[in-house]
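Engineer: Using the working numbering, the first residue of the sequence shown is number 6, and each one after it goes up by one. Have a look at this one before I ask anything.
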Amino acid sequence: MANTLALTNRDLDLRHVWHGNVQHQGLDQHPPLEVDRADDVWVWDVEGRRYLDAMAGLWCVNVGYGRREIVDAVSAQMMRLPYYPLTQSHGPAAQLAASLTSLLPHELSRVFFVNSGSEAVETALKIARQYARRAHPGQNRYKIIARHRAYHGFTMGALSATGQVLRKQAFEPLVPGFLHVAPPDHYRCDFCSRESCCTLVCADEFDRVIRMEGPESVAAVILEPVIGGGGVLPAPDGYLERVREICNQYGVLLIFDEVITGFGRTGKLFGFEHAGVRPDILTVAKGLTSGYLPLAATVTTDQVFETFNSDTDETARFAQVSTFGGHPCSCAAGLANLGILTRERLWENSARVGAYLIDRLRGLQAKSIGEVRGLGLLVGLEMTADVSRTPMPEAQVVRIQKAVREAGVLIGRNNDTVPGLCNVLTLAPPLTLASEGADTIVAAIEKALA
Ligand SMILES: Cc1ncc(COP(=O)(O)O)c(C=O)c1O
Numbered sequence: 006m007a008n009t010l011a012l013t014n015r016d017l018d019l020r021h022v023w024h025g026n027v028q029h030q031g032l033d034q035h036p037p038l039e040v041d042r043a044d045d046v047w048v049w050d051v052e053g054r055r056y057l058d059a060m061a062g063l064w065c066v067n068v069g070y071g072r073r074e075i076v077d078a079v080s081a082q083m084m085r086l087p088y089y090p091l092t093q094s095h096g097p098a099a100q101l102a103a104s105l106t107s108l109l110p111h112e113l114s115r116v117f118f119v120n121s122g123s124e125a126v127e128t129a130l131k132i133a134r135q136y137a138r139r140a141h142p143g144q145n146r147y148k149i150i151a152r153h154r155a156y157h158g159f160t161m162g163a164l165s166a167t168g169q170v171l172r173k174q175a176f177e178p179l180v181p182g183f184l185h186v187a188p189p190d191h192y193r194c195d196f197c198s199r200e201s202c203c204t205l206v207c208a209d210e211f212d213r214v215i216r217m218e219g220p221e222s223v224a225a226v227i228l229e230p231v232i233g234g235g236g237v238l239p240a241p242d243g244y245l246e247r248v249r250e251i252c253n254q255y256g257v258l259l260i261f262d263e264v265i266t267g268f269g270r271t272g273k274l275f276g277f278e279h280a281g282v283r284p285d286i287l288t289v290a291k292g293l294t295s296g297y298l299p300l301a302a303t304v305t306t307d308q309v310f311e312t313f314n315s316d317t318d319e320t321a322r323f324a325q326v327s328t329f330g331g332h333p334c335s336c337a338a339g340l341a342n343l344g345i346l347t348r349e350r351l352w353e354n355s356a357r358v359g360a361y362l363i364d365r366l367r368g369l370q371a372k373s374i375g376e377v378r379g380l381g382l383l384v385g386l387e388m389t390a391d392v393s394r395t396p397m398p399e400a401q402v403v404r405i406q407k408a409v410r411e412a413g414v415l416i417g418r419n420n421d422t423v424p425g426l427c428n429v430l431t432l433a434p435p436l437t438l439a440s441e442g443a444d445t446i447v448a449a450i451e452k453a454l455a
């Protein structure tokens, strides 16, 4: 104990903390940033150095840091009722469920609270499988179709839906029944990169796979309206509409994973609003509380929910309990957070400053930036080795990311996704970012590339 007191937090971290996705060998030479405090879009390390956090933590601090309103709401909730499980009920969960669904199309009316995006996806997959068996008696609908390059979480089901072999291979075999189709990626598309725009053959792949597998074996399609961690790949015009049409045709549920794209990130409240189509099941997390406390949710339509209601069949209920899911303090944080988001209409700032940021990045005309793409304040830079679109080697992408940090801005990258395509730098700053903040990001990237 006495020994421990003499050690710095960095020493204790290096001794005891197991960081995700990090090679610890040599970490003492290149320790992670020790972040101490934060305000709005800025974070400070323990040495007092200030950085613009252009990843909003991990794509999540949508309303920015230092919002006293959220802190006060959580503190009051802690005093009143610090914990109660949702095997019973409490005000914060009821109110947040009402507030969340008031932002959604009316049929998305039922909320199951959990703690993380992975759990929200896990819950969606389980609801989809049980729903499919109840809605289609006599069939065995269990297959889930997802996309290569997509990320859906670290738990075994969500990881099975994930289309990133480098994240999965150490843990295989995963859950049976998951299939993957090509993502929309016009820049590198096997079907249509020579055409002037996406031909939607990638959307039609869902149709082909459902027919080949037999529709009576398929429960659901899951997708992110914009693939985030896989390299920021927005759905092209008409894509989500086509997938919705295919799902309707075969009685397959459509799950939108909006863990990143929800709550204004893409310049609309939810990513699916860009297409005007609606999911049967929606997963949300990150921006639900802007990361102030852990909370996530799986939202379903009345129609899906009603399938689990029965006077006569005891097995009809959804048999899942979460100790901390819907924690009253997290729900209080979520309520205050949604209050700020809607009062300040932060999705509008996301659209405006996001368009400005993308424009300025496109103006950089650096030979190593093959493509700048994104929606709202969710932006990816496809880094290339040369003009032939050869992906930049990962080590070089890492060097650029570090140089941007040296220039005072924290950005992300799509590491451990699919072989050869870990070459995308990512930006997802708080939605409060002003155009001056966008200029700061662009200047740091320009400096790093130089
Ligand atoms: C689209 C998507 N789904 C699910 C998850 C998993 O969320 P969590 O890390 O909260 O478990 C993530 C995480 O980044 C994500 O981007």
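Idealized CB from N, CA, C, for every residue including glycine. Here the structure is a predicted model, which means the values were calculated and not measured.
Please state whether the Cβ-Cβ distance between residue 463 and residue 125 is less than 8 angstroms.
Structural biologist: A question about residue 463 goes unanswered here, because the residues of the chain that appear run from 6 up to 455.
Engineer: Using a Cβ-Cβ cutoff of less than 6 angstroms, which residues in the same chain neighbour residue 402 once the five nearest sequence positions on both sides are dropped?
Structural biologist: Answer for residue 402: 388, 418 and 428, listed in chain order.
Engineer: Where do the N-terminal and C-terminal ends of the alpha helix (DSSP H) with residue 407 fall, by residue?
Structural biologist: From DSSP, the alpha helix (DSSP H) with residue 407 extends over 399-411.
Engineer: How many whole angstroms separate the CB atoms of residue 264 and residue 294, which I take to be in contact at a CB cut-off of 8 angstroms?
Structural biologist: About 12 angstroms separates the two Cβ atoms, so there is no contact after all.
Engineer: Is residue 12 near residue 32, with beta carbons less than 8 angstroms apart?
Structural biologist: No, these two residues do not count as a Cβ contact at 8 angstroms.
Engineer: By Cβ distance below 7 angstroms, which residues in the same chain neighbour residue 38 in space, the five residues on each side in sequence not counted?
Structural biologist: 50, listed in sequence order.
Engineer: Is any heavy atom of ligand 1 found at a distance shorter than 7 angstroms from the C-beta of residue 149?
Structural biologist: Residue 149 Cβ: outside cutoff for every heavy atom of ligand 1.
Engineer: In angstroms, rounded to a whole number, what distance separates the CA positions of residue 121 and residue 292?
Structural biologist: Straight-line Cα distance between these residues: approximately 11 angstroms.
Engineer: Is there at least one non-hydrogen atom of ligand 1 closer than 7 angstroms to the beta-carbon of residue 4?
Structural biologist: The chain is shown only over 6 to 455; residue 4 falls outside these bounds and no answer can be derived.
Engineer: With a CB to CB cut of under 8 angstroms and the five nearest residues on each side skipped, what residues in its chain are close to residue 188?
Structural biologist: Result list for residue 188: 152, 153, 154, 155, 168, 207, 232, 235 and 238, in chain order.
Engineer: Quick check for students: name the residue ranges of the beta strand (DSSP E) that lie wholly in the region 276-312, counting only runs of 3 or more.
Structural biologist: Listed in chain order, the complete beta strand (DSSP E) runs (minimum 3 residues) inside the region 276-312 are 286-289 and 301-306.
Engineer: Inspect the CB distances between the region 247-262 and the region 97-107 and report whether three or more fall short of 8 angstroms.
Structural biologist: No, they do not touch.
Engineer: For the beta strand (DSSP E) that contains residue 261, what are its first and last residues?
Structural biologist: Its beta strand (DSSP E) spans residues 258-262.
Engineer: List the endpoints of the continuous beta strand (DSSP E) containing residue 374.
Structural biologist: Note, residue 374: beta strand (DSSP E), 374-380.
Engineer: Considering only the alpha carbon of each residue, which of 339, 266 and 322 lies closest to residue 300?
Structural biologist: Answer by Cα proximity: 339.
Engineer: Are the region 370-380 and the region 204-221 touching, with three or more C-beta to C-beta distances below 8 angstroms?
Structural biologist: Touching, no, given that fewer than three Cβ pairs across the two stretches are closer than 8 angstroms.
Engineer: If distances are taken between C-alpha atoms only, which option among 177, 399, 45 and 44 comes closest to residue 5?
Structural biologist: Since the first and last residues shown for the chain are 6 and 455, residue 5 lies out of range.
Engineer: Look up residue 156 in the DSSP assignment and say whether it is helix, strand or coil.
Structural biologist: The answer is coil: DSSP assigns residue 156 none of H, G, I, E or B.
Engineer: Give me the Cα-Cα distance between residue 88 and residue 363, rounded to the nearest whole angstrom.
Structural biologist: One C-alpha to the other measures close to 43 angstroms.
Engineer: Should residue 470 be listed as close to ligand 1, given that the test is whether its C-beta is under 7 angstroms from any heavy atom?
Structural biologist: Given a span of 6 to 455 for the chain in the structure shown, any question on residue 470 remains unanswerable.
Engineer: Less than 8 angstroms between C-beta atoms, sequence neighbours within five positions excluded: which residues of the same chain meet that for residue 113?
Structural biologist: Once the five neighbours on either side are set aside, the close Cβ partners of residue 113 are 106, 283, 284, 287, 304, 305 and 306.
Engineer: Classify residue 249: buried if its beta carbon has 16 or more other beta carbons within 10 angstroms, exposed otherwise.
Structural biologist: Classification for residue 249: buried.
Engineer: I think residue 244 touches residue 274, with their Cβ atoms under 8 angstroms apart; what is that distance to the nearest whole Å?
Structural biologist: With 8 angstroms as the limit, residue 244 and residue 274 do not qualify as a contact, their Cβ atoms being about 20 angstroms apart.
Engineer: Going by Cα to Cα distance, which pick from 224, 135 and 90 is closest to residue 328?
Structural biologist: Of 224, 135 and 90, the residue nearest in Cα terms is 90.
Engineer: Just confirm the distance between the C-beta atoms of residue 240 and residue 280, as a whole number of angstroms; I'd bet it's less than 8 angstroms.
Structural biologist: Yes, they are in contact, since the Cβ atoms of residue 240 and residue 280 sit about 7 angstroms apart, within 8 angstroms.
Engineer: Taking the CB atoms as reference points, tell me whether residue 68 and residue 347 lie closer together than 8 angstroms.
Structural biologist: For residue 68 and residue 347, no; Cβs fall outside 8 angstroms.
Engineer: Would you tell me roughly how many angstroms separate the C-alpha atoms of residue 413 and residue 65, rounded to the nearest one?
Structural biologist: Cα-Cα distance, rounded: 20 angstroms.
Engineer: Could you tell me how far apart the beta carbons of residue 433 and residue 322 are, in whole angstroms, since I believe they sit closer than 8 angstroms?
Structural biologist: Between residue 322 and residue 433 the Cβ distance is about 37 angstroms, and since that is not below 8 angstroms, they are no contact.
Engineer: Could you tell me whether any non-hydrogen atom of ligand 1 is closer than 7 angstroms to the CB of residue 58?
Structural biologist: False, no ligand heavy atom lies under 7 angstroms from that Cβ.
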